[in-house]
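A.B. asks:
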Ligand SMILES: *Cc1c(COP(=O)(O)O)cnc(C)c1O
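In the numbering used here, the protein residues as written are 413 to 735.
#1: At which residue ranges does the region 482-536 contain complete beta strand (DSSP E) runs of 3 or more residues, listed in the order of the chain?
#2: So, at 7 Å on beta carbons, what are the nonlocal neighbours of residue 652 in its own chain, with the 5 sequence-adjacent residues on each side left out?
#3: Counting only the same chain and skipping the five closest in sequence on each side, list residues whose C-beta sits under 6 Å from that of residue 715.
#4: List the whole-angstrom C-beta distance separating residue 529 from residue 730, where the pair is believed to meet the contact cut-off of C-beta under 8 Å.
#5: Within the same chain, show all residues whose beta-carbon is closer than 6 Å to that of residue 425, passing over the 5 residues directly before and after it, in chain order.
#6: For ligand 1, is there a heavy atom less than 7 Å away from the beta-carbon of residue 606?
#7: DSSP three-state call for residue 735: helix, strand or coil?
#8: Nearest-angstrom Cα distance between residue 446 and residue 608?
#9: Comparing alpha-carbon positions, which option in 522, 704, 688 lies nearest residue 442?
#10: Go through the region 579-645 residue by residue and report every complete run of the alpha helix (DSSP H) that reaches 4 residues or more, in order.
#11: Grouping DSSP H, G and I as helix and E and B as strand, with all else coil, what is residue 736?
#12: Check whether the Cβ of residue 671 sits closer than 7 Å to any heavy atom of ligand 1, and report yes or no.
#13: Would you kindly report the start and end of the unbroken alpha helix (DSSP H) that includes residue 434?
#14: Among the candidates 561, 691, 500, whose CA atom is the shortest distance from the CA of residue 533?
#15: Decide if residue 673 is buried, meaning its Cβ has at least 16 other Cβ atoms within 10 Å, or exposed.
#16: Using C-beta distances below 8 Å, list every residue in its chain close to residue 539, excluding the 5 sequence neighbours before and after it, in chain order.
#17: Tell me which residues share the same chain as residue 498 and place their Cβ nearer than 7 Å to its Cβ, disregarding the 5 neighbours each side in the sequence.
#18: Against chain C, with Cβ distances strictly below 8 Å, would residue 541 count as a contact?
#19: Considering residue 453, what are the terminal residues of the beta strand (DSSP E) in which it resides?
#20: Would you say residue 499 touches ligand 1, meaning its beta carbon is less than 7 Å from a heavy atom?
#21: Thinking just about the alpha-carbon of each residue, which of 579, 596, 586, 629 is nearest to the one in residue 603?
#22: Please check the pair residue 626 and residue 657, which I expect to be a contact at CB under 8 Å, by giving their CB distance rounded to whole angstroms.
#23: Should the region 543-562 be called in touch with the region 431-442, which here means at least 3 C-beta pairs below 8 Å?
#24: In the DSSP assignment, find the unbroken alpha helix (DSSP H) run with residue 682 in it and report its ends.
#25: With a Cβ-Cβ cutoff of 8 Å, do residue 591 and residue 718 count as a contact?
#26: Can the beta-carbon of residue 573 be found less than 8 Å from the beta-carbon of residue 487?
#27: May I ask you to check if the CB of residue 470 is nearer than 7 Å to at least one heavy atom of ligand 1?
#28: What did DSSP end up calling residue 726 once you bin it into helix, strand or coil?
#29: Less than 6 Å between C-beta atoms, sequence neighbours within five positions excluded: which residues of the same chain meet that for residue 582?
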């Protein structure tokens, strides 16, 4: 089945756009692999990677209400943080160019001789990159750093690294509501890759309370991830027993690390069988984990599993088995 990019955003008046209207247009693609067929599992991939060529995936949802808030509050400048391959900074820079914000991207470390493809795009789209040496970063409290940045660059609307705040989660909540509308409750569980866990919290809050949302963590030492998901989830839905769960055995070495051979192999096989491109940091690990659960018989035969393709495809560039 060939699926065309949705590209619903290109002609959208962002300030007046209704996120739910956009989210219900995202297609669900049925994927068949040998392992799925053998286990009697139906897999639907929600192609949120197709929303737009440069502003897509969960980063689009996490930016949406943040940028609306910035606009309503009269900010013309937005600042955030990220690493050299950050999908978040890449999406923010694209949004800034398209919707007329100036953007500031704070990157930890020295400016390298050659920028990553991610950061060169961001800079080409007008983002001011601010490299902060690791010692400087370490020696400052966050507040002192922000105050310092304001003196140097003027007032800005601040989005935390990864879009990890309530407005960010609220965007993904609408993704969950859209999914519920599309499938009318006819599914077993929904899966998403987790970094900060903001998207998992929003997704779980958006779907029906009786349906489980599974978050596949890509972090090795996930420390306070469960606590972070819980905190945001509780702000979004106060009277609901938690319907989310973290799955932590599939980080495959950790965030952005070199792929072990078994993961590289899985990546190739999955893309060949499904014709769906995956990103190297997040979605490949979610599908790897999902596939392992399917083989273990985690879900009964006849289950219908939804996987969110959270995008990140720009990160394929510059990835040669590792960053
Ligand atoms: C950032 C990102 C995630 C993780 O989202 P969180 O809300 O931080 O958990 C998942 N998938 C992709 C492709 C991402 O870029």
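Glycine included, each C-beta is placed from N, C-alpha and C at the ideal position.
C.D. replies: Let me lay it out:
#1: 489-494, 514-520
#2: 621
#3: 453, 600
#4: 5 Å
#5: none
#6: yes
#7: coil
#8: 32 Å
#9: 688
#10: 610-618
#11: Outside the displayed span of the chain (413 to 735) sits residue 736, for which this structure offers no information.
#12: no
#13: 431-435
#14: 500
#15: exposed
#16: 501, 504, 505, 508, 515, 516, 517
#17: 530
#18: The structure shown contains no chain C; it holds only a single protein chain.
#19: Note, residue 453: premise wrong, no beta strand (DSSP E); not H, not E.
#20: yes
#21: 629
#22: 5 Å
#23: no
#24: 673-686
#25: yes
#26: no
#27: yes
#28: helix
#29: 477
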